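Chains as they are written, first to last, in our numbering: chain A, 203 to 738; chain B, 66 to 187.
Backbone N, C-alpha and C define an ideal beta-carbon position, used for all residues, glycine too.
Note that the structure is predicted; figures quoted are calculated from it, not measured.
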């Protein structure tokens, strides 16, 4: 749609210009004929007058074209503007040629060269025709957007303009009798043509490169060689950078892997020792309980001989009591004997007393019976006490006491052993506690050191990333260099502006990427936080 | 000169050390076991800690570990005479591995103590 509207716009404008130019030409032709008549009257050269008119027409139309170009509002892009102006120019030039040829009644190529001025006039007409052709080519080229051909066309076109301008100059020089006013007008025309030449030179910026000098060509060649060598050097450096990056990366990964293993092993060891310490604590409490129990048993064993001793003493007391009772029984027996004798004596005395002593004899007999019974009872008690004494003596023989004394000593030894056991246990506990504390502490330090090492190795990876970013930027730059070098080699180089812009983009991209990484690293930076391992 | 904390469960040695160090111009406070020692450390903030290893409640190894975990630069001198099966050498080697600045095997001389303290303060 845009292209179509452009075409319409162009055609409208071209038509308008053609119309205006045609009108102007018509007026100019009339003026030229009138002026020719005047000149013929004064100089007698009709052809010369006509060609002068043509030259002026070219100049004026060009002026109109230039004025229009300059006054035209900046609504079209430079390319469109050049295209449109060239189109106008082509039409104008074609119109000029056609009119010249129709006025002469012959083709400009068939014009006779009778006089110098005629010859110059013919040259001028040919130049105008040729110029029109070149402008057509230029339009075609611009439409195709082919820069290579554009250069060729422009190289052809610019000399054409120069040639036309020269033709005018020569014509003015040759025709000395030209009126001063006319001469001035022709000079202006020439000036305008030269302006047109400048406009054409400057319209596409690339045109500045068209006029290559030998020095420039040499410089370009040398520049290409330098860039080529530079690229070779760069490639060598890049290869080395790749080797360095890969080597350091490989070794860093290997180191990290080893450190990881080491760290895991250290952590496992710390965990194992921590668990072991906890288990030992629970074992300790179990052993403590056992030791306490053993101590209680030892105390009980230690107390047993004392208790037995006390028992023996009480039993011996009982034996004493029994002995005391035996003596008492003897006393009873003695009393019974004495009582018996007394009773016998009393009975004898009662018999002597006769009948008066009869009652007394009965009492004496009863007392005697009592004495006999008492004696029997005492004997029975004595037998019982003897049996008790025998039992005690059997139960508490002296040998038993010796055994008890030995057991008492052994119980004391057990107590000593238990105390030693308790001390040994205490020592062992202290020993393992110290041992585990030291191992645990050292392992913790080891784990911390390993963590620090991992952090340091990670820094190596940051270096690798920086190198990679540098490599990417260098790669992009090298590609750009290559394109530039190719252009230079082809001697059509018009990439200077683009090249600088592209280089700038690469630089900006690289700096932005680098600053982004740096800022993200800085924002993550926390002095207390452990190093992060995002890269492995 | 310096603020020194002496932790030992033996009262006689504790007092002897206090006398010796005070005579050398140091400010000395004492504690009879690890628990009291840690409390006193927080209050007194000494430059040097002299601690026995085998003590009731909290032993010297625990004290050293705790203090060095707080700040690995704390100057600690470990003293030990051993007990029964646990030798002084074992205790002091353990303390050294934990990172103390000096070790003294009981009994030690006044000069040995002075040297250890000055090394710990250096």
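Assigned exposure category for residue i - 16 Cβ within 10 Å defines buried
i, result
"residue 166 (chain B)", "buried"
"residue 186 (chain A)", "Lying outside 203 to 738, the shown extent of chain A, residue 186 (chain A) is not represented and no answer is given."
"residue 438 (chain A)", "exposed"
"residue 550 (chain A)", "exposed"
"residue 184 (chain B)", "exposed"
"residue 570 (chain A)", "buried"
"residue 231 (chain A)", "buried"
"residue 736 (chain A)", "Any reading at residue 736 (chain A) must be qualified, since the residue scores a pLDDT of 43, below 50, and its modelled position is unreliable; the value itself is stated next. Exposed, because fewer than 16 other Cβ atoms sit within 10 Å of the Cβ of residue 736 (chain A)."
"residue 448 (chain A)", "exposed"
"residue 554 (chain A)", "exposed"
"residue 501 (chain A)", "exposed"
"residue 102 (chain B)", "buried"
"residue 153 (chain B)", "buried"
"residue 70 (chain B)", "buried"
"residue 136 (chain B)", "exposed"
"residue 117 (chain B)", "buried"
"residue 141 (chain B)", "buried"
"residue 144 (chain B)", "buried"
"residue 446 (chain A)", "exposed"
"residue 120 (chain B)", "buried"
"residue 592 (chain A)", "exposed"
"residue 589 (chain A)", "exposed"
"residue 632 (chain A)", "buried"
"residue 407 (chain A)", "The predicted model places residue 407 (chain A) with a pLDDT of 45, which falls under 50 and marks its position as unreliable, so this point remains unresolved."
"residue 495 (chain A)", "exposed"
"residue 126 (chain B)", "buried"
Where the alpha helix (DSSP H) containing residue i begins and where it ends
i, result
"residue 95 (chain B)", "Counting along the chain, residue 95 (chain B) falls outside any alpha helix (DSSP H), though it belongs to the beta strand (DSSP E) covering 92-96."
"residue 576 (chain A)", "560-597"
"residue 102 (chain B)", "99-109"
"residue 144 (chain B)", "That residue, residue 144 (chain B), is in no alpha helix (DSSP H); its beta strand (DSSP E) goes 140-145."
"residue 87 (chain B)", "76-88"
"residue 117 (chain B)", "Unbroken run through residue 117 (chain B) is the beta strand (DSSP E), 113-117; no alpha helix (DSSP H)."
"residue 179 (chain B)", "175-186"
"residue 158 (chain B)", "153-163"
Contacts of residue i in chain A (Cβ-Cβ under 9 angstroms)
i, result
"residue 149 (chain B)", "625, 626, 628 and 629"
"residue 130 (chain B)", "639, 640, 642 and 643"
Under 8 angstroms from the C-beta of residue i: neighbouring residues of chain B
i, result
"residue 640 (chain A)", "126, 159, 162 and 163"
8 angstroms Cβ cut-off: residues of chain A touching residue i
i, result
"residue 156 (chain B)", "636"
"residue 119 (chain B)", "632"
Where the beta strand (DSSP E) containing residue i begins and where it ends
i, result
"residue 167 (chain B)", "167-170"
"residue 123 (chain B)", "Residue 123 (chain B) -> no beta strand (DSSP E), and no H or E assigned at all."
Whole-Å CB distance - residue i paired with residue j, under 8 angstroms assumed
i, j, result
"residue 507 (chain A)", "residue 610 (chain A)", "3 angstroms"
"residue 106 (chain B)", "residue 86 (chain B)", "Contact doesn't hold; Cβ gap of about 16 angstroms is too wide."
"residue 666 (chain A)", "residue 715 (chain A)", "Their Cβ separation, rounded to whole angstroms, is 15 angstroms, which puts residue 666 (chain A) and residue 715 (chain A) out of contact at 8 angstroms."
"residue 579 (chain A)", "residue 545 (chain A)", "That pair is no contact at about 16 angstroms."
"residue 459 (chain A)", "residue 662 (chain A)", "Not really, about 14 angstroms apart at Cβ, beyond 8 angstroms."
"residue 533 (chain A)", "residue 576 (chain A)", "About 11 angstroms; that fails the 8 angstroms criterion."
"residue 594 (chain A)", "residue 520 (chain A)", "7 angstroms"
"residue 617 (chain A)", "residue 504 (chain A)", "5 angstroms"
"residue 493 (chain A)", "residue 162 (chain B)", "Their Cβ separation, rounded to whole angstroms, is 30 angstroms, which puts residue 493 (chain A) and residue 162 (chain B) out of contact at 8 angstroms."
"residue 100 (chain B)", "residue 122 (chain B)", "5 angstroms"
"residue 673 (chain A)", "residue 443 (chain A)", "6 angstroms"
"residue 548 (chain A)", "residue 562 (chain A)", "7 angstroms"
Note to self: Residues of the stretch 607-637 of chain A in Cβ contact with chain B at a cutoff of 8 angstroms, in chain order, please.
What the structure shows: Cβ contacts with chain B come from 625, 626, 629, 630, 632, 633, 635, 636 and 637.
Check: Any residues in the stretch 439-452 of chain A with a beta carbon nearer than 8 angstroms to a beta carbon of chain B? Which ones, in chain order?
Finding: none
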